[in-house]
Each structure stands twice: as C-alpha cells, then as structure tokens.
Amino acid sequence: MKRYLKHIIKALVLSGMILNGTCSMAAGAKISDATQACLGCHESVTPGIVADWKSGRHSKTTIEDALKKPALERRISIDKVPQGMSGIVIGCAECHMINPAAHKDTFEHNGFKVHVVVTPADCAECHPVERDEYSKNIMSRAYGNLVNNPLYHSLMDSVNGVATFDGKKAVIGKPGQITQDDSCLYCHGTKVEVKGMKTINTSMGEMKFPELSGWPSVGVGRINPDGTNGSCTSCHPRHAFSIEVARKPATCSECHKGPDVPAYKVYSVSKHGNIYAAAESKWNFDAVPWKIGEDFTAPTCATCHISLLVSKGGEVVAKRTHQMSDRLPYRLFGLIYSAAQPKSPDTTIIRNKAGLPLPTELTGEPAAAFLIDARELAARKAKMEAVCLACHAQQWVDGHFARLDESIKTTNEMTLAATKILLAAWDRGLAMGLAQHDSIFNEAIEKMWAEEWLFYANSTRFATAMGGADYGVFADGRWAMSRNIQKMSDWLKFLAAAHKDLHGKAGKNKH
Amino acid sequence: MKRYLKHIIKALVLSGMILNGTCSMAAGAKISDATQACLGCHESVTPGIVADWKSGRHSKTTIEDALKKPALERRISIDKVPQGMSGIVIGCAECHMINPAAHKDTFEHNGFKVHVVVTPADCAECHPVERDEYSKNIMSRAYGNLVNNPLYHSLMDSVNGVATFDGKKAVIGKPGQITQDDSCLYCHGTKVEVKGMKTINTSMGEMKFPELSGWPSVGVGRINPDGTNGSCTSCHPRHAFSIEVARKPATCSECHKGPDVPAYKVYSVSKHGNIYAAAESKWNFDAVPWKIGEDFTAPTCATCHISLLVSKGGEVVAKRTHQMSDRLPYRLFGLIYSAAQPKSPDTTIIRNKAGLPLPTELTGEPAAAFLIDARELAARKAKMEAVCLACHAQQWVDGHFARLDESIKTTNEMTLAATKILLAAWDRGLAMGLAQHDSIFNEAIEKMWAEEWLFYANSTRFATAMGGADYGVFADGRWAMSRNIQKMSDWLKFLAAAHKDLHGKAGKNKH
Amino acid sequence: MKRYLKHIIKALVLSGMILNGTCSMAAGAKISDATQACLGCHESVTPGIVADWKSGRHSKTTIEDALKKPALERRISIDKVPQGMSGIVIGCAECHMINPAAHKDTFEHNGFKVHVVVTPADCAECHPVERDEYSKNIMSRAYGNLVNNPLYHSLMDSVNGVATFDGKKAVIGKPGQITQDDSCLYCHGTKVEVKGMKTINTSMGEMKFPELSGWPSVGVGRINPDGTNGSCTSCHPRHAFSIEVARKPATCSECHKGPDVPAYKVYSVSKHGNIYAAAESKWNFDAVPWKIGEDFTAPTCATCHISLLVSKGGEVVAKRTHQMSDRLPYRLFGLIYSAAQPKSPDTTIIRNKAGLPLPTELTGEPAAAFLIDARELAARKAKMEAVCLACHAQQWVDGHFARLDESIKTTNEMTLAATKILLAAWDRGLAMGLAQHDSIFNEAIEKMWAEEWLFYANSTRFATAMGGADYGVFADGRWAMSRNIQKMSDWLKFLAAAHKDLHGKAGKNKH
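Protein chains in written order, with the numbering used here: chain A, 1 to 511; chain R, 1001 to 1511; chain G, 2001 to 2511.
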C-alpha cells in the first residue's frame, strides 16, 4: 500500500512542476546545443524516438547529479565528468557524435558529424566498468564464436541453407548473408560494415547516409563499425534505456526462449516466475541498489545473474556484474556436452584432443586446459549461492545444486548414447560424417542427434537449474531425450533396410 | 508520472459523484426503458454480464456526447444520432432488439422482441465505417474461405476426422459438425442457424428460446442468422467492448498463437514485445487517437495493423482500418507458398492454372490475376512503413523489408523442395495424391509436407516480419524446415523399402 | 476508476499510520516472543524470507481479528482461537514450532524445538476445512498415485532412466532417486524423510540440522516427515501466503503448462485468458468472498475450480472448495482414456477387468466400480455450470458441454486407433509389450502411442473444456492426433521391413 502513497506524493510534486510550466528535466540541467539541433527535426521526423528518450533517465540527469549519489546508488561508473559533458543531460549528440574519428560510419549530417551505430565504446564514456565486464562476457563474442568456429558455422549453414531435391536426395545449399543475418545472427549479432554512401529519400528530402551491411542489428555480439563487439541496446532498448526493462525477464526472452535455450520458459513455470507473474506489479524495478524482499520478493533473470543486490539493512549480497558468467560455474547450453565455463570468452581458441573446436571430446571428456579450474568453479558457485541464501536455507541450496550436478551428469550420458548411435550410422555407411568430411548436421539422423543435446539435454539442465520442472520432463525434457534415442535407434535400422533395398547389401563407409 | 496525477483527478471527480449518490452514467444520459427492463432480471440472473457492461463505455455514453468530440477522437463513425437512440446510453435493448425483422433468431422474451446473436449489422448502427472495412477484411470470410474451398475443406476433414485402424492401414473418417465447430471453426466462425424453438429450464422457470446451430460461437467469420458475416466480439469481447482489450496482444493470441500462425509468439520475443511486456503498465490503451511515444513506446498488434495513430503534435501517421490487409502487401500464412494479398476477401473464387483453388501453382508461381498488383502492393507497404518510420530511420526499415523479401523467397524454395519429395512419393505409388483423387493431407508423408509450409515456412516468415528471431531458427523455423525435408527424404526411402517388403517390388501409381 | 479512489483512501489512512510511527501490524497485535527470537537472526541471515512474511497477512493479523469478520469474509475455518495463539500474529514459531513431537524433523535450534517442513497438519490449526477438503483432492495423493501404481511407475522409469546403446539397441536403465525427485516428483511431491543429523556451515557458524531426503520439495502430494500428504505452499507460496498469487493462473502454470497437461496454455488463448491478460491489473484479487463482475470480469483457474464466489448482491454462486474435483465430472488428463472422476483420491486401488491399475480397459471401457456414478457426475457438472451461468445463458453453456462430451468421445476413439496399432506391433513381434512383461513405454512406437493420449488427446480435451481452440487443432491437438496415427501406421511397416532385413522373416512374439 505504501507504493500508492509514493505515487500520490510523486504526482503532487509533479503537478507542482507542471503548473509552474517548467519541464521535467533536472533543475539546472540543460540540453546541449547539438542535441537541441537534432531534436529540432527529429521531434517531428521520428517522434517515437524522441518521446522514448524523453521518458528516460538520460534526458533528465546530468553527470554531476549522478555523481552526487552514494557509490552504491550510482548507475554510472566514472568518478568525474568527462570533458564537454558538464551541466548537460545525455541526448542525441552525446552518444551519436562522440569520438567521430573512431567510427567508420560517421557522416556529415546537417552540419554535424554523426555516427549511426552507438557502440559499447560510446557507452563506456560513462559506464566503463560495465563495458569492461561485458567484454569478458561470452555474449560479447557471440558473433565470432559462431562464425569463426568451423563446426558451429556448419551448423549455421545447415540451418539456413536452402534445400533442393534431385529425386533421390535433398541437398542443402549455401545460405545467403541476408538469411544468416536474419536468423542465427539476429541474436548473435551481425557484422556491421560501411559499404559506401547511399542516397535515401527521406521525409526531409534526399540525404546521404553511410550504407551499412547487416543492418538492422541489435544482437549481443554485434561487430560494430568502430571495431568493437557488442550492443548495449540488446538488453537496454533505446532510447529510454530503462533499467526496469533490463531487469524484467521479457528482455532476456528475446534470445532465451527457443528450444535451444528455453531459459525464459523454464523461469515462467518456476516458483520464482510464478511469484513474479503474480506480484511484479507491486515491485520496484528502478531502485539501485536493489533491495531483496523490499523491492522484490522473487528473483528475475537479472537478480541472479547481473544486479547489485543488498539486504534491507543495506549489506551487499551480490555485486553488479555484466560478465554474467562470474556467478556461473557451468555452461548448460549450446554445447554437445555441458562443461565448466571457458577461461576466455573467445571460444574459437578451444581445441579438444581430437583437434575439434569443442570444449569436450565427442565422447564427453572436457578439454580441461581451456576451461576454468575447480577453484574458480567453486568461487563462482559461491557467488550464486550467496543470492540463493538470501531466501533459502543452506540445506535447500545444497539439495538444489546436488540435483544440478546429477542433471548435468545424466544429460551428458544421454547425449553419449545418442552419439554412439550416430557413430554407428557413420561407421556403417548409413550417413556421412566427420570421416567423410561431410557436415555433421545435414542428414535426418544427424539432426535428430543434434536435437538430443541442443534441445532436450539443454532444456532438462535448465529445468533443474531454475526449478521449472516440466521442461525437464515432458516439455522437451527427459521424455524427449529418451524418445529421441529410441527413434534414432529405430531410424538406424530403417536406414539399413532402405540401404539394402537400394544397394542390395548393407552400406559401409570407406575411411 | 503524469498518469498518476490523471488518476487522482479522475478519482476526485468520481468521488464527488459517488458522494452525491448519482450513478456513474454521463450527466443527463439515461438508460432506455427496454434496457431497464432487461436489467431488472439479468442483474441477478447473469450478474457477470451486467457488471461487465456497466464497466464499459456503452453504459455511460450517449451518442450525442460521442458526437461532441473532434473527429479524430471519435469512436463512432456516424454524423447524427440514429432514430430512437437520442439521449440514451447503449444498453441491452439497443443491440439485442434492433431491427428485429432482420434477425431470424428474434424471439418473444417477456414482452420484447429480442435476438440472441448481435451481428456486424447491429454494430454498424453506430460504427458503419468499421463494419464496411471489416467486410473487406479476409477475416470476415474466414468461414467460407475454409468450408467452401475444396482443398482447405479436405485439410479440415483430415484434421478432425476420427481414425480407425484395420490392421493394415489407419483410415480417417468423416468428422461430425460438432467437432468442426469446436476445432477449425472455433476461430474461423461457425454457421449459426435457427433450428426451431427450444424450451430451456432457466433459473426463472421454463422459457422458450430459438435453438441455434454452431453455438457458442465467437469466430471472426461467423455466419449469422441475419445473413451477415463476422463477429465484432471476437476482438472486442462483450459486454465491456473495451478498446484497451482489443489493443492488447492477448486478444490476437486467441487465434494467432499456434504453430500454423505464431504471430503472438513471435511478437512476444521481438524487441517490440519485450518493451510491451516490461512497460505496458505505464501506457494509455484508452486514448483515441493513439499518440506515438506518449501513449505507448512500442507497438502492439493493433498499432501496426489497425489503429489510428498520431504523432505527439497530432499529425496522422496512420488512419484507422478494420480491413487490416491495407497495410499488408503479402499473405505470410495459411498458404502453401506466400504470395501477394488477394484482390477479394472471398478467396474461394481463386483458381490457379492447374484449376486448383490456390493463389499459386503447386510449384509456387502466383495466380496473378487474383492477387493485388505491384502498385497496390507498394501502396500497402508504404502505409506500413509510415508506422515503422515514426521510430526507425529509413535505412533500418529498408533493411527490414529486404530481409522479409528474402525470407519469403527462401521459405517458398524450401516448400518447393518438400513438394518435390511429395510429388515423387505420389509418382512412385508410395502415397495417394491428387491424381488418385485422394486427400493430399491424410498420409504421414503428406502431413509432413503440410507442416513444411503450414508450420515452419509460416513461422519463419513471421519471425522475419516481426523480428522474433528464434521462430525463424530453432522454434519451428529454419531448423525445422531443413530437418523436415531430410526426414521426408528418408521417409520416402523407408516407404519404398516397406512397399517392396509387402509387395515384392517398388510401387507405381497408375494415373 | 473507483479503484484509484480506493487506493488513495487506503494510502491516506496508511500515511497516517506511518506518520504516527506505528508499525503496520494490527492494533494490539503482537509478535510472539518465540517468533521475535527467530526474527532476531533471520532478519539478517535470510532477509528475503522475513521481508516476504512481513508483506503478508499472517504478519499483521491475529486470529481474534480474523474471527470478527462475517463468515463469508473469513479466511480461516475455525470458530475459536487455538490454545496459545491468543493476541499474536502468525509468525515463524506459530508454524515451525507447533506440535513438535509429531514432526520427525523437529530439532534443537538455539533453544527452540523447530521443524523444517511445515505441513497441512500445521496449517490445519487455523484452516482445518481446507486441509480436509484437500485430503479428498487427488493432488494430495499425487506421490503415491504415481509411485505405487506399477504402470505409472514404469512410465516414470522410462522417462528418467539413462539410456545406453550397445550397437544394436538402446536400453533404458533404472533412474536414480535424485532424478526422480527432480523430474516427475518435482510436481507430484517427493518423499521427505529424516535421514539423520547433519552439520552445516552457515553464516552463523556450524549448526546441526536434520538431513532430509527429497529436499527441496514443494510438490502437491509431498510425503511429509509427520506422515501427512501434501504441501500448501505449492499454490500459496511462502512466506507471504498471498491469496492474490493463488488466484492468478501463473501459480497453476507451474505444473499445468507442459504438453501432458496444457491447462495454462489453453487458458491463455481462451477468451477468458485474453480478458484476464488485458484487464487483470484492474481487478481485486484480494477480496473474500470474490464478487463476480465487480472484483473480476473473467475467470481465472481459481474462479472456476476453487474460490468462493458471490454475485454483486452477495448471494453465493459457488462455495469454496480445496477438493477441486467437486466441480469436475471427468478426468481429462493423465489417463489413456478420459473417464469419470475416481471415487477415491487414492487411485492405486483401481483395477480394471484385465487386472491393470487403470480406470478403463486398454480398449476404453470404464472400470465403473471405481468411478463416480451418473448422479454424482451430474451433481458436479451442475456446480460448475452454476459458475458458467453467472455470465452465460443456459443454451451457451449447454452447447459448450455438448462439445466437451463429443471431444471426450472422439479423442478416446483416436486413442483406440493408436492402441490397435500398438497391439499389432506387440502381436507381430515388432515390439515387446505386456505379454512379454516388458515396459509398455520404452520403445519408439510405444512412446508414440503414449503421446497420442498423454499429449494430444489431453490437449484436445482441455482445448474444448476451456475454449482455447488451437490446442485442439494445430498446437498438439487434433492435427497431432491424426498425424501421429499415420506415422505409427507407417512406423509399423518400417519395423516389419527392418525386422525382415535383420531376421529374414516377419517377427512373431511368443506369448
């Protein structure tokens, strides 16, 4: 009920401001001349952008004001006002005109040097710690980790290539770049490069703009024209950049809802997600730091993985992190076998003993040299447990993590069984695999194998990790793992029978 | 924050009314005698209906008051008060007793001539423009376009028929009407006809009512007892008829969430849907016209497809339309191959060169004579782009639509590959198809083929069109398109081997 | 609008309390000394729990105050204050220290006798009627009904066992207890037993706690250390125990969203769910009794299945029930064939004519002696109809239930067709079934059969029962039922061809 009072007070305060005819900007704050110039046209050209920006904190706060707050309450990670930023709010120009020389997409626009793509380097002007942390986040490497890893690149090609049927066989062609950008790279991030200049017919007449490849793009590992990786707007959607939005699970669902990584779905049927759905309208998503029990009564994604959390008394329960993996001992998804987190966010450097760019062997043993060691693993687990323990007893938490260990173990074993069926298919010449230098993702039985780990084992581990049981049972969980293995086993027999029907004898790959 | 003030002012105004003991109806407005008579019983017989109606605008507003508003703010599309509607609010009688002779379900009810099914003709008394637009909307023809198109009718039969297994083969029987009404026609709309009169034991004793076929029914293309098509309550649920409900995506999800048309799911993982989920509690869903950036900061389904949108300054960005397709160049779903929108909402008139009731050939070429031409297509695209451009730069929008073109092209190519596999099955006598005058939806390989376009290609195109990437990748997207083709290719081989096992030689359909 | 006024009044009242420096507890109420002692440490050790409790009704209300309310408004079902509970709010000690001798997990904790697992027997101190009703609810037996029914136990084993592939066949091993607890028993409830004492390193130093099996656990049929069944916190999440949460559908979604029981999904695309999603922020989820049309304008799960409902005038439309099945004539899910509700919540006592622990024969005929009779069935249907009739006319309701009857009939027929294919596979030696004393869930074709009823027939029936059409059509509905039967039919042929390929002749099971 206290929150309604809060609203009333706010409203009364606000009404005074409105009656006085002043705007809702911070007292003494002002919009820079350059930003004012942008607004001059864009208020009518792109009214949605301007209105969104006005609703956000950037349009109302100067860095001086932000620095007056106690350290724990700050949303910026600098100690003094950057040059030229004094006394002004953060508007169009402050982001789109900063360091023009560094941006290959800087262009002349009505007398200003403007760049289209705002990058982590720009945001780091005020948020350098967040940028640095994010650069250690595997998400910042999502483009390269997919495109520059030959095995994952071939998975991507097998997903996006157009098939043709020649009467005997369906062959998957090479996909075009537009499709790659619109598919896997939508979340992973595209490569945005300046391809020249382009005249565009706008509502203000013809104007020249840099022509960008891979555009639009808000993927987490976007390669930017200034050479940086990442896109802060993936989770902090422009131009309000609201912390409320980033803290709500819908933001994460954009890339974490599909069968390959059903984190959002699992959350939504967990006890945490249940309380969120029923009670979140009474929570405070704007408070920094975020007070456990007072600002919210059940965690969102951000609570466990990112946010600065304090107890009601103000003690820090968890430090803010944009690395995210520093509260995560294991990688649960996207891998054939779940394993410890990689040491480097650049996973293209990993090679297992068989020389494959994978953090485990095809039979599951970890490529330990490239993964965090037991001590680091324990340290990360302890950080996550600190969050759990704010609401749960130690024994509850211990029981939870024991289940996670078991879930990782058993799902890896199921993947091994599926892998052995696939190896048999390759060995018997009923499918073309590594030995034949063929894609391991382009035949039906290979795709069934990929779903074993990419969909079902992943889903089961998430269900355990976040307490959303059905995703570990009937909704792409253990039921699907088991069903898929039985189907693969039958499919192998069917392939053998069909092969003999066509060739008069069982096949055998020469290798 | 302004909105809280608004609520306070509203509340204070309202409290005055309550203290004065007056009801919440508009000053001077009154309930008609006929409606008052209805309320006399129904307030206790069906309290939920009455309470819902009281919460809505119809119970509080006279047409005179509605006409006092400036044109852009009006929710009705007439210029003067219809006869007999002067000075009264819109209650039970104003809809359920209008034009009694036109309604075959009109019956004598406690001294009044009442009809059960309120139809677009009734709503058109005050909303004629909306009714006319909706009659051009393909949704208003959803019943006939399914039932009277032999190919789609056979799809419906193959879904709803009960199967029996005779030891060799599973045969699909003819479905009953109740199942058709409860299944496909739940969304498409049933045929509601008066079958006679029926005595029903009610809480007020025995009463006679017209016996209706296909009832209950709120499908968008319902065939009404007065001969009209459609049901406004599909999206404006009675008896509050709230514009807020119609503008929220949950309304559309009722019929647009399944794998055949996953618009809602795609939206929910798009950036637009993400912002909606996180911020909508602060938006104003009631304002007419709807101000971009002020009333909302990201679009819902209604924003892009239906609503009257204005910029903060009041300029019209998009006119209201209940045709919906007038901002849509292409049909993305429900078709074997995506194609331009049809000229007529009645798609049963379409015939391709092969004589099939389809807007494309089985190999994908459009039946151009029945589809909108390039100029109309460009005009519709421009209307949609106007909405995009309120928040996005032209280059962003161009990139988006280039992806949509590519997505339509590649998904159509994937459907062609699947179609060729099916044609091979028919040709080799491993399945019974068009040439054998058999349903093309009743065998396993045919159903796999249908899923290629009905689920996966559709899903992929939606994912592109609305920026919900995973539905174009792993969640029924490109991964599923590719996997399905490889499975169909193997299935064809398995069918051949099984056929030889049973018949000693490869099959061959005679045709 | 009235609700904003309500909030303002509440807020003003509240602000007075805050200004006076009093706490938000009921006047004269006090926290017991034992609870005060708990809070002394736990406010800092587990701040989330304490803050959650403080936000709830238990922390603010004495039983005396609760008893002052009129009967219909009470949330407790006792008539006088239990011994020792006078004048105090319900805190930690009142639940965790009650009847220590009855709880095997009672342990010495800083001078108090505390038990970890609060059970229905503890809650029954103030809520005995709800406990008694719940004990008749099949959910309270969810553990035993799964674990102690040999057929369902073998289903559970086939889901959770780890598979191995020996080059010919994939064999499913016996699952470990941790996996069972983390999978099916997560919702059904685990068996929580005291395994001894355990020293745990807490933030307050080393302490001894009872070591619990099957922990964590919030499943609905949990076997508690005091010998009781069930867990009230499954739906009333601790430690706020808010009625709002229990009344919102997200709570039910925790266990009712997967393909085996998609009640939540169906609701979410129903007209009821649509109105809920769009309008619920304006509803009152806290009112007891719950007023139709005033407190809410469309039902949630709780409305139809549990809550005490009254009309605006205060007449009781439906009595509160925690048995739930007393408004339900049929069981729609979890069964091979849908049938009438069982007489006893303990379904392990059921035997069909074939001696199987199933409420129907394998061919669908009900094991009538164990199921409610026609009169009881009609009585339960009438209770549900009373809820429907608050907003719908009798003919609408009759049409709805006629569809449900047809849906049950046709889905059962589809299951019969699938069953006949499976019987043929067993009979021809192409799979190992009942006659071979093998699991009926461990081969691919058996798993396909299980999905026919466990996923698709269930989903279709739910779609009919709750008006969420697509789950009866393309989203795991009739389309999937039909497709699955055609696939099973082909699979049978493929198995035969593969069998001949391997063995030179068609197989035949000896039995």
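Glycine is no exception: its CB is placed at the ideal position from the N, C-alpha and C atoms.
Inset, instruction - Give the interface partners of A/Pro225 over in chain R, defined as CB-CB distance under 9 Å, in chain order. - result: Translated into positions along the first sequence, residue 225 of chain A becomes position 225. Ordered by position in chain R, no residue passes the 9 Å Cβ test against A/Pro225, which lies about 13 Å from the chain.
Inset, instruction - Whole angstroms is fine: what's the gap from R/Pro1237's alpha carbon to G/Gly2056's? - result: Taking the second sequence and counting its residues from 1, the one referred to as residue 1237 of chain R is at position 237. Taking the third sequence and counting its residues from 1, the one referred to as residue 2056 of chain G is at position 56. C-alpha separation (whole angstroms): 35 Å.
Inset, instruction - Report the rounded CA-to-CA distance for A/Ile421 versus A/Ser489, giving the unit in angstroms. - result: For this step, residue 421 of chain A is matched to residue 421 along the first sequence. For this step, residue 489 of chain A is matched to residue 489 along the first sequence. Taking the straight line from one Cα to the other gives about 7 Å.
Inset, instruction - Just tell me which of G/Glu2413, G/Lys2080, G/Glu2108 has its CA closest to the CA of R/Gly1161. - result: Here residue 1161 of chain R refers to the residue found at position 161 of the second sequence. Here the closest residue by C-alpha is G/Glu2413.
Legend entry - Under the three-state DSSP convention, the category R/Tyr1134 falls into: On the second sequence, position 134 is the one that residue 1134 of chain R refers to. Note: R/Tyr1134 maps to helix in three-state DSSP.
Legend entry - R/Arg1483, buried or exposed, once every other Cβ within 10 Å from all chains shown has been counted against 16: Along the second sequence, read from residue 1 onward, the residue named residue 1483 of chain R stands at position 483. It counts as buried.
Inset, instruction - Would you kindly report the start and end of the unbroken alpha helix (DSSP H) that includes R/Gly1144? - result: Here residue 1144 of chain R corresponds to residue number 144 of the second sequence, with the count starting at 1. First-last of the alpha helix (DSSP H) with R/Gly1144: 1142-1147.
Inset, instruction - Give the DSSP bridge partners of G/Tyr1984, in chain order. - result: The question about residue 1984 of chain G has no answer, for chain G in this structure spans 2001 to 2511.
Legend entry - Contact the segment 2104-2115 of chain G vs the segment 2197-2215 of chain G: 3+ CB pairs below 8 Å: yes
Legend entry - Supposed contact pair G/His2188 and G/Gly2167 - C-beta distance, whole angstroms, cut 8 Å: Numbered from 1 along the third sequence, position 167 holds the residue referred to as residue 2167 of chain G. Numbered from 1 along the third sequence, position 188 holds the residue referred to as residue 2188 of chain G. Not a contact, Cβ separation roughly 36 Å.
Inset, instruction - Grab me the residues of G/Glu2244's own chain with a C-beta within less than 8 Å of its C-beta, minus the 5 sequence neighbours each way, in chain order. - result: The sequence position of residue 2244 of chain G within the third sequence is 244, counting from 1. Around G/Glu2244: Phe2285, Asp2286.
Inset, instruction - Below 7 Å between beta carbons is the criterion; list the residues of the segment 1416-1436 of chain R that meet it against any residue of chain G, in chain order. - result: none
Inset, instruction - Compare the C-alpha of A/Gly477 against each of G/Thr2233, G/Thr2179, G/Val2316, G/Lys2191 and name the closest. - result: Counted from its first residue, the first sequence places residue 477 of chain A at position 477. It is G/Thr2179 whose Cα lies nearest to the Cα of A/Gly477.
Legend entry - Member of G/Met2197, G/Val2159, G/Val2050, G/Ile2049 whose CA lies at the smallest distance from the CA of G/Leu2185: In the third sequence, counting from the first residue as 1, residue 2185 of chain G sits at position 185. The candidate whose alpha carbon is nearest that of G/Leu2185 is G/Val2159.
Legend entry - Any C-beta of chain G under 7 Å from that of A/Glu413: Working through the first sequence from its first residue, we reach residue 413 of chain A at position 413. Yes, because at least one Cβ of chain G sits closer than 7 Å to the Cβ of A/Glu413.
Inset, instruction - Return the residues of the segment 2202-2227 of chain G that lie within a Cβ-Cβ distance of less than 8 Å from chain A, sorted by chain order. - result: Thr2202, Ser2203, Phe2209, Glu2211, Leu2212, Trp2215, Pro2216, Val2218
Legend entry - Enclosing beta strand (DSSP E) for G/Thr2348 [first to last residue]: As a position in the third sequence, residue 2348 of chain G is number 348, starting the count at 1. Segment: none, G/Thr2348 is in no beta strand (DSSP E) and carries neither H nor E.
Legend entry - Below-7 Å beta-carbon distance, G/Gly2504 vs any chain A residue: For the purposes of this step, residue 2504 of chain G is identified with residue 504 of the third sequence, where counting begins at 1. It does not: the Cβ of G/Gly2504 has no partner Cβ on chain A nearer than 7 Å.
Inset, instruction - Please classify G/His2437: is it buried, with 16 or more other beta-carbons within 10 angstroms of its beta-carbon, or exposed? - result: For the purposes of this step, residue 2437 of chain G is taken as residue 437 along the third sequence, with counting starting at 1. Exposed: under 16 other Cβ atoms inside 10 Å.
Legend entry - Outcome for A/Cys72 when other beta-carbon atoms lying within 10 angstroms are tallied against a minimum of 16: In the first sequence, counting from the first residue as 1, residue 72 of chain A sits at position 72. Before going further, note that residue 72 of chain A is Leu rather than Cys in the sequence given. Counting Cβ neighbours within 10 Å, A/Leu72 comes out exposed, since fewer than 16 surround it.
Inset, instruction - Grab me the residues of G/Trp2215's own chain with a C-beta within less than 7 Å of its C-beta, minus the 5 sequence neighbours each way, in chain order. - result: For the purposes of this step, residue 2215 of chain G is taken as residue 215 along the third sequence, with counting starting at 1. Excluding sequence neighbours, G/Trp2215 sits near Val2192.
Inset, instruction - Starting from the N-terminal side, write out each stretch of the alpha helix (DSSP H) that is 4 residues or longer and does not extend beyond the segment 78-139 of chain A. - result: 92-96, 120-123, 128-135
Inset, instruction - Determine which residues of the segment 1069-1096 of chain R have a Cβ less than 9 Å from any Cβ of chain G, and write them out in chain order. - result: none
Legend entry - C-alpha distance - R/Ser1086 paired with R/Glu1064, whole-angstrom precision: By 1-based counting over the second sequence, the position of residue 1086 of chain R is 86. By 1-based counting over the second sequence, the position of residue 1064 of chain R is 64. Using only the alpha carbons, I get a separation of about 7 Å.
Inset, instruction - Measure the Cβ-Cβ separation of G/Thr2415 and G/Ala2374 and say whether it is below 7 Å. - result: Here the question's residue 2415 of chain G lines up with position 415 in the third sequence. Here the question's residue 2374 of chain G lines up with position 374 in the third sequence. No. Outside cutoff.
Legend entry - Reference G/Ile2049; option with closest CA among A/Val387, A/Lys447, A/Ile408, A/Phe455: For the purposes of this step, residue 2049 of chain G is taken as residue 49 along the third sequence, with counting starting at 1. For G/Ile2049, the nearest C-alpha among the options comes from A/Val387.
Inset, instruction - Give a yes or no on whether 7 Å exceeds the smallest Cβ distance from A/Pro237 to chain R. - result: Numbered from 1 along the first sequence, position 237 holds the residue referred to as residue 237 of chain A. With 7 Å as the cut-off, A/Pro237 counts as an interface residue toward chain R.
Inset, instruction - Would you identify the three-state DSSP class for R/Ser1170, choosing helix, strand or coil? - result: By one-based count along the second sequence, residue 1170 of chain R stands at place 170. The question names Ser, but residue 1170 of chain R in the sequence shown is Ala. Correct three-state label for R/Ala1170: strand.
Inset, instruction - Run down chain R in chain order and give the residues with a C-beta less than 8 Å from the C-beta of A/Thr62. - result: In the first sequence, residue 62 of chain A corresponds to position 62, counting from 1. Near A/Thr62 there are no residues of chain R at all, since even the closest Cβ is about 20 Å away, more than 8 Å.
Legend entry - Distance between R/Thr1410 and R/Gly1504 (C-alpha atoms, nearest Å): Translated into the one-based positions of the second sequence, residue 1504 of chain R becomes position 504. Translated into the one-based positions of the second sequence, residue 1410 of chain R becomes position 410. Using only the alpha carbons, I get a separation of about 39 Å.
Inset, instruction - With DSSP as the reference, please indicate the residues paired to A/Asn229 in a beta bridge. - result: Residue 229 of chain A sits at position 229 when you count from the first residue of the first sequence. DSSP output for A/Asn229 lists A/Ile223 as bridge partner(s).
Inset, instruction - State the beta-bridge partners of A/Met207 as determined by DSSP. - result: For this step, residue 207 of chain A is matched to residue 207 along the first sequence. A/Ile200, per the DSSP bridge assignment.
Inset, instruction - Please report how far the alpha carbon of R/Leu1502 lies from the alpha carbon of R/Trp1396, in whole angstroms. - result: Position 502 of the second sequence, counting from 1, holds the residue named residue 1502 of chain R. Position 396 of the second sequence, counting from 1, holds the residue named residue 1396 of chain R. Their Cα atoms are separated by approximately 58 Å.
Inset, instruction - With DSSP as the reference, please indicate the residues paired to A/Trp449 in a beta bridge. - result: The residue given as residue 449 of chain A occupies position 449 in the first sequence. For A/Trp449, which the question treats as bridged, DSSP gives no partner whatsoever.
Legend entry - Interface flag, G/Leu2495 vs chain R, CB-CB below 7 Å: Here residue 2495 of chain G is taken as the residue at index 495 of the third sequence, counted from 1. Not one chain R Cβ lies under 7 Å of G/Leu2495.
Legend entry - Close beta carbons around G/Met2097, own chain, < 7 Å, minus the five adjacent residues each side: For the purposes of this step, residue 2097 of chain G is taken as residue 97 along the third sequence, with counting starting at 1. Excluding sequence neighbours, G/Met2097 sits near Ala2034, Phe2112, Lys2113, Val2114.
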